[in-house]
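Counting from 1, position 482 in the sequence shown corresponds to residue 485 in this note's numbering; the numbering is continuous, with no gaps. Even for Gly, the Cβ is constructed at its ideal location relative to N, Cα and C. Quick caveat: nothing in here was measured; it's all calculated off a predicted structure.
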Amino acid sequence: MTSLRLITLRAAACLCAFLCALTACAYDEPAAVRLRFPDLSLAFDTPAFAPGKTDFTSYEEMMAFVERLTERSDSATLRIIGESQEGRSIPMLILTNARATSAADLQRLNRPIVWLQGLQHGDEPAGGEAMLAIANALAAGELKPLLDRLTVVIIPRANPDGAARFTRRTANSIDINRDHIKFDLPETVALHRALNEYQPQVLVDCHEFSVHNRWLQKWNLINAYDVTLLYATNANVPQELTALADELYRARATAALEQAGLRHYWYFTTSYDVADKRVQMGGLAPDIARNTFGLAGSISFLMETRGVGIGREHYERRVATHYIALRSMLETTADNAARVQATVSAARSRIAEARAGDPIIVTAQPRKGERDLAMLDPVSGEERTLTVAFEDTLQPVPGILRPRPYAYLLPPSYRDLARKLSLNGVRVQTLRRPATLDVEAYAIVDKKVAAATEEGHVHVAVTTETSRKNVRFPAGSYIVSMAQPNALLAAVALEPESASSFVAIGLIPVDKRGSVEGSPSEVPVYRLTAPARLPLAIAEF
Ligand SMILES: [Zn+2]
Numbered sequence: 004m005t006s007l008r009l010i011t012l013r014a015a016a017c018l019c020a021f022l023c024a025l026t027a028c029a030y031d032e033p034a035a036v037r038l039r040f041p042d043l044s045l046a047f048d049t050p051a052f053a054p055g056k057t058d059f060t061s062y063e064e065m066m067a068f069v070e071r072l073t074e075r076s077d078s079a080t081l082r083i084i085g086e087s088q089e090g091r092s093i094p095m096l097i098l099t100n101a102r103a104t105s106a107a108d109l110q111r112l113n114r115p116i117v118w119l120q121g122l123q124h125g126d127e128p129a130g131g132e133a134m135l136a137i138a139n140a141l142a143a144g145e146l147k148p149l150l151d152r153l154t155v156v157i158i159p160r161a162n163p164d165g166a167a168r169f170t171r172r173t174a175n176s177i178d179i180n181r182d183h184i185k186f187d188l189p190e191t192v193a194l195h196r197a198l199n200e201y202q203p204q205v206l207v208d209c210h211e212f213s214v215h216n217r218w219l220q221k222w223n224l225i226n227a228y229d230v231t232l233l234y235a236t237n238a239n240v241p242q243e244l245t246a247l248a249d250e251l252y253r254a255r256a257t258a259a260l261e262q263a264g265l266r267h268y269w270y271f272t273t274s275y276d277v278a279d280k281r282v283q284m285g286g287l288a289p290d291i292a293r294n295t296f297g298l299a300g301s302i303s304f305l306m307e308t309r310g311v312g313i314g315r316e317h318y319e320r321r322v323a324t325h326y327i328a329l330r331s332m333l334e335t336t337a338d339n340a341a342r343v344q345a346t347v348s349a350a351r352s353r354i355a356e357a358r359a360g361d362p363i364i365v366t367a368q369p370r371k372g373e374r375d376l377a378m379l380d381p382v383s384g385e386e387r388t389l390t391v392a393f394e395d396t397l398q399p400v401p402g403i404l405r406p407r408p409y410a411y412l413l414p415p416s417y418r419d420l421a422r423k424l425s426l427n428g429v430r431v432q433t434l435r436r437p438a439t440l441d442v443e444a445y446a447i448v449d450k451k452v453a454a455a456t457e458e459g460h461v462h463v464a465v466t467t468e469t470s471r472k473n474v475r476f477p478a479g480s481y482i483v484s485m486a487q488p489n490a491l492l493a494a495v496a497l498e499p500e501s502a503s504s505f506v507a508i509g510l511i512p513v514d515k516r517g518s519v520e521g522s523p524s525e526v527p528v529y530r531l532t533a534p535a536r537l538p539l540a541i542a543e544f
């Protein structure tokens, strides 16, 4: 085959894959199924719904839309929070009726700040489109009165490179929504720099889920739900935040969805392994946005509509579903502004003021049971109930518990890890002078290395034992006090057995055997378990 012909064939294959993604050729939806998901006729005036438009909103259309919005409205301000790997600006809209737009001024307004983010996954466009409609409605439409009681910050497209390719991942093929502890990606760094400035009380991360793919392969069924929702489920998230998310936000959002005739459930998924017939509720890992935001002491939701794999089918309904649930969450925040602020503020204080010795849940497992899920026959569209082995994460079963230290210490060489912690709003300090301290050290007693990389890292599962010892820390060693609101984010990154820890993802390399024959190896992270007065300086990055 000539190289020219090969190139042509490759180009044709590429084009086909692209068209498949846009036109759902993997599963051709029969009319009987299509009829089950009618439009809601909310008449959006965002780019994807312009007359004659048959594809999704392009990057240029999205940027033009947000620029026009800020030109014609006093309530909307546009900020660029950073650049994607391919140099696309990542826009952020700030919606307020106050003159102030700086983060500090907005916090002084004493109104809750709600953060909406879309398109961490580039092939899940409905949430980002709904956010453009929400921005319009806040600036000059039905939601404008809410701006007397809250501030809204919107990131409509967190992954502009993925969206330009219509792929889940970023330009270097990494998943942003597994990067909220390890910070490999400029997109995640930009998001968290802005988050640290605005410190929102309520966050909603919008996605779309697979309609057929794995459900069709494993059970010959397709997903029947319009939308799945889940709040932060990491076992360390303060209980009062979970209660407010469940009893106030989820209750009102699901009532609004039901009123519009939309079917909802807890967010669930299943693996790509066809032989694996288990179904999991959204997981416990600290490094997904929903959990990272919850660990920071915020009310945090994941929301997903049925969208992946069906191209532009039912796009109006998918965008409307996001719009209805987001509108409900904004109204809930406005109607309960004082309660939301007081609860979040108390939760953050409780994290900062928890006693040393209180347990940190280092590992936890979902509860195993059985559930009935609503599915559809892929051909007839008839209702089917799928009974599956289901892993529930609402009340996780704790595994390893470890007493909370006063602080963690890291050697001066781990500057990059200290910087990653600071990107999660963790205050990091340094030792001004050398100090010998009585600390707990971790010894590796077992280590299992994963067979394949995951998100660019070889995952390592370790078992450690802690023991007391005197360690001399040089000047410049990093100290992370637990007396701070983002202490939980430090703990999940530094406790070696934690699923997203710096040890687990290989950022702190460890061996099972130490330098002395037969001795276990030591993790260069130390726990200060007694209060100490230390000469400290703020770390600079
Ligand atoms: Zn997603």
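{"Query": "Exposed or buried, which one is K185 when buried takes at least 16 other CB atoms within 10 Å?", "Result": "buried"}
{"Query": "Just the Cα atoms here: how many angstroms apart are T308 and L434?", "Result": "49 Å"}
{"Query": "Let me know if L38 comes out buried or exposed under the rule of 16 or more other beta-carbons within 10 Å of its beta-carbon.", "Result": "exposed"}
{"Query": "How big is the Cα-Cα spacing for S301 and L244?", "Result": "7 Å"}
{"Query": "Mark K221 as exposed unless 16 or more other C-beta atoms lie within 10 angstroms of its C-beta, in which case mark it buried.", "Result": "buried"}
{"Query": "For S76, which residues of its own chain have a beta-carbon under 7 Å away from its beta-carbon, when the five flanking residues on both sides are left out?", "Result": "A142, A143"}
{"Query": "Could you check whether the Cβ of N226 sits closer than 7 Å to any heavy atom belonging to ligand 1?", "Result": "no"}
{"Query": "When the Cα atoms are used, what is the spatial distance from Y481 to V474?", "Result": "14 Å"}
{"Query": "Counting only runs of 4+ residues fully inside the segment 426 to 499, write out the alpha helix (DSSP H) ranges in chain order.", "Result": "490 to 497"}
{"Query": "Cβ of N180 versus every heavy atom of ligand 1: is any distance shorter than 7 Å?", "Result": "yes"}
{"Query": "Going by C-alpha distance, which of E498, A278, D380, D229 is nearest G264?", "Result": "D229"}
{"Query": "Would you decide whether C28 is buried or exposed? Buried here means 16 or more other CB atoms lie within 10 Å of its CB.", "Result": "Note that C28 scores a pLDDT of 42, beneath 50, so its modelled location is shaky; the value from the coordinates is reported in the next line. When all chains shown are included, C28 counts as exposed."}
{"Query": "Using the Cα positions of R530 and T170, report the straight-line distance between them to the nearest angstrom.", "Result": "41 Å"}
{"Query": "At a threshold of 7 Å, does F210 count as lining ligand 1 (C-beta to nearest heavy atom)?", "Result": "Checking the displayed sequence, the identity of residue 210 turns out to be His instead of Phe. Yes."}
{"Query": "Any heavy atom of ligand 1 closer than 7 Å to the beta-carbon of H124?", "Result": "yes"}
{"Query": "Quick one: is the Cβ of E525 within less than 7 Å of any heavy atom of ligand 1?", "Result": "no"}
{"Query": "So, is N113 buried or exposed, given that buried needs 16 or more other C-beta atoms within 10 angstroms?", "Result": "exposed"}
{"Query": "What is the residue span of the beta strand (DSSP E) that L412 lies within?", "Result": "410 to 413"}
{"Query": "Taking 7 Å as the cut-off, is the CB of E127 close to at least one heavy atom of ligand 1?", "Result": "yes"}
{"Query": "Is it buried or exposed for Q398, if we count other Cβ within 10 angstroms and need 16 for buried?", "Result": "exposed"}
{"Query": "Output needed for P477: all residues of its chain with C-beta closer than 8 Å, excluding positions within five of it in sequence on either side, in chain order.", "Result": "P414, P415, L434, P437"}
{"Query": "So, A259 versus S331, is the Cβ gap smaller than 8 Å?", "Result": "yes"}
{"Query": "Would you verify that the beta carbon of F47 is, or is not, closer than 8 Å to some beta carbon of chain C?", "Result": "Chain labels in this structure do not include chain C; a single protein chain is all it has."}
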